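Line by line, the protein sequences give chains V and U. Each position in the first sequence, counted from 1, maps to that position plus 7 in this note's numbering. Each position in the second sequence, counted from 1, maps to that position plus 9 in this note's numbering. Heads up, the thing below is written out as structure tokens.
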Amino acid sequence: MDAEADPGDPESWLERHGDALYAFALLRVRNAAIAEDLVQDTLLAALGAKGDFAGRSNVRTWLVGILKHKLVDHLRKRGREVGLAGDAGDELDEAAWAGRFDGSGHWLERPRDWGDPAALAENAALGAAMQACIERLPERARMLFVLREIDGLATDELLELLGISSANNLWVMLSRAREKLRACLEQGWFKGA
Amino acid sequence: MMIDCREAAVLSSAELDRRLRRGERFSLWLHRLVCPACRLYKRQLEALRRVARRFGEAPADSGVASPPARLDDAARARLRERLRAAAQGHGERDP
Numbered sequence: 008m009d010a011e012a013d014p015g016d017p018e019s020w021l022e023r024h025g026d027a028l029y030a031f032a033l034l035r036v037r038n039a040a041i042a043e044d045l046v047q048d049t050l051l052a053a054l055g056a057k058g059d060f061a062g063r064s065n066v067r068t069w070l071v072g073i074l075k076h077k078l079v080d081h082l083r084k085r086g087r088e089v090g091l092a093g094d095a096g097d098e099l100d101e102a103a104w105a106g107r108f109d110g111s112g113h114w115l116e117r118p119r120d121w122g123d124p125a126a127l128a129e130n131a132a133l134g135a136a137m138q139a140c141i142e143r144l145p146e147r148a149r150m151l152f153v154l155r156e157i158d159g160l161a162t163d164e165l166l167e168l169l170g171i172s173s174a175n176n177l178w179v180m181l182s183r184a185r186e187k188l189r190a191c192l193e194q195g196w197f198k199g200a
Numbered sequence: 010m011m012i013d014c015r016e017a018a019v020l021s022s023a024e025l026d027r028r029l030r031r032g033e034r035f036s037l038w039l040h041r042l043v044c045p046a047c048r049l050y051k052r053q054l055e056a057l058r059r060v061a062r063r064f065g066e067a068p069a070d071s072g073v074a075s076p077p078a079r080l081d082d083a084a085r086a087r088l089r090e091r092l093r094a095a096a097q098g099h100g101e102r103d104p
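What follows is the structure, given as structure tokens:
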């Protein structure tokens, strides 16, 4: 649509796409200073790679593509730093998980009927509620949920990126992350509705 | 063969990430047959995925995202400053 041969200059990128890049980064790193750095790195890298743009896509798509690379670099480093792979927080996770079920393994609070999943996807306010819930997740759960469910990374990509030792561990962590988010939405959104 | 809701919930999540083994599929199917709560759980996890994917499709212009986070004025000014410096350096090196 607005594919252009010349992507313009960095200040116009900041003007027109800065907020979008920042929001994209912030959802994935949660820290404002880091998100700002990522936007900066992205715009600087874009400046250096201006020649590669060649109107192949629109400017925002191009910039978001660069940002994704920057994010991957950041997450790879960060994943190891915070020990996403290790068992920090595992006991808490397990306690919260166990708290969902009674002694015989039944739901203590039964999941509600949310209605048709396809219709829900079109609900803008629900999207906003999900964002708020994502922001409240502990760091590991948030990264896992965002990378898996929003970005759609595959198991092997997540293992590599976050330095998690086994696929089984990853799948268990994902089940805990989904459950935290589901419970948050159920409490904050569907219960009041 | 019979699993409880706790095990069913783990498998309901796992089936979004991997292909379940035969026995797992059968246990889950059997459990859901008699457990409306776990049938709903499956739909909730599907809904989470759909909302999340939709949300991530087009950052900030999907119309679905909430008013997204914005760069505040100070951050914007800092970035502009650094870009100017870099653009200048860039121009000098590569006229």
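For glycine and all other residues, C-beta sits at the position ideal for the given N, C-alpha and C. Keep in mind the model is a prediction, meaning the values are calculated, not measured.
In chain U, which residues lie with their C-beta within 7 Å of the C-beta of V/H46? Reading the sequence as shown, one finds Val at residue 46 of chain V and not His. Result: L88.
Report the rounded CA-to-CA distance for V/E18 versus V/T162, giving the unit in angstroms. CA-CA distance, V/E18 to V/T162, rounds to 38 Å.
If we define contact as Cβ-Cβ less than 8 Å, is V/A103 a contact residue for chain U? Residue contact with chain U for V/A103: absent (no Cβ-Cβ distance below 8 Å to any residue of chain U).
So, V/R107 versus V/E43, is the Cβ gap smaller than 8 Å? no
For chain U, is any of its Cβ atoms less than 8 Å away from the one on V/E18? yes
Taking U/R31 as the query, report the chain V residues whose CB atoms sit under 9 Å from its CB, ordered along the chain. One finds nothing in chain V with a Cβ atom closer than 9 Å to the Cβ of U/R31; even the nearest lies about 17 Å away.
Going by DSSP in three states, V/W114 sits in which element: helix, strand or coil? strand
Looking only at DSSP bridge pairs, what is V/F60 linked to? For V/F60, which the question treats as bridged, DSSP gives no partner whatsoever.
Any C-beta of chain V sitting closer than 8 Å to the C-beta of U/Q53? yes
By how many angstroms is the C-alpha of V/G134 removed from the C-alpha of V/P124? 13 Å
Using the Cα positions of U/R27 and U/R79, report the straight-line distance between them to the nearest angstrom. 36 Å
Kindly give me the distance between the Cβ atoms of V/P14 and V/V46, rounded to whole angstroms, as I take these residues to be in contact under 8 Å. Taking C-beta atoms under 8 Å as the contact rule, V/P14 and V/V46 fail to qualify, at a distance of about 16 Å.
What residues in the stretch 20 to 50 of chain V have a beta carbon less than 7 Å from any beta carbon of chain U? Against chain U - using a Cβ distance shorter than 7 Å - the residues of the stretch 20 to 50 of chain V are L21, G25, D26, A27, Y29, A30, F31, L33, E43, V46, Q47 and L50.
Between U/A96, U/D13 and U/I12, which has its C-alpha nearest V/K57's C-alpha? U/A96
Do you know whose CA, among V/A40, V/L115 and V/A128, lies nearest U/R52's CA? V/A128
For V/M180, report the span of its alpha helix (DSSP H) as first-last. V/M180 -> alpha helix (DSSP H) spans A174 to L192.
By the 10 Å Cβ neighbour count, where 16 or more other Cβ atoms means buried, how is U/L54 classified, buried or exposed? buried
Is it true that the CB of U/L88 sits closer than 8 Å to the CB of V/L21? yes
Name the chain V residues whose beta carbon is nearer than 8 Å to that of U/A94? In chain order: nothing, as chain V lies at least about 10 Å away.
Within 10 angstroms of the Cβ of U/V73, are there 16 or more other Cβ atoms? Answer buried if so, exposed if not. Confidence is the limiting factor: at U/V73 the pLDDT is only 41, short of 50, which leaves the residue's position unreliable and the question unanswerable from this model.
Excluding sequence positions up to five away, which residues of its chain have a Cβ less than 6 Å from the Cβ of V/Y29? Excluding the 5 residues flanking it on each side, V/Y29 has same chain C-beta neighbours closer than 6 Å at A42 and V46, in chain order.
Mind checking U/A69: buried by the 16 CB within 10 Å criterion, or exposed? The predicted position of U/A69 is uncertain, since its pLDDT is 46 and thus under 50; no value can be drawn from it.
First and last residue of the uninterrupted alpha helix (DSSP H) at U/M11: Unbroken run through U/M11: none, as it is neither H nor E.
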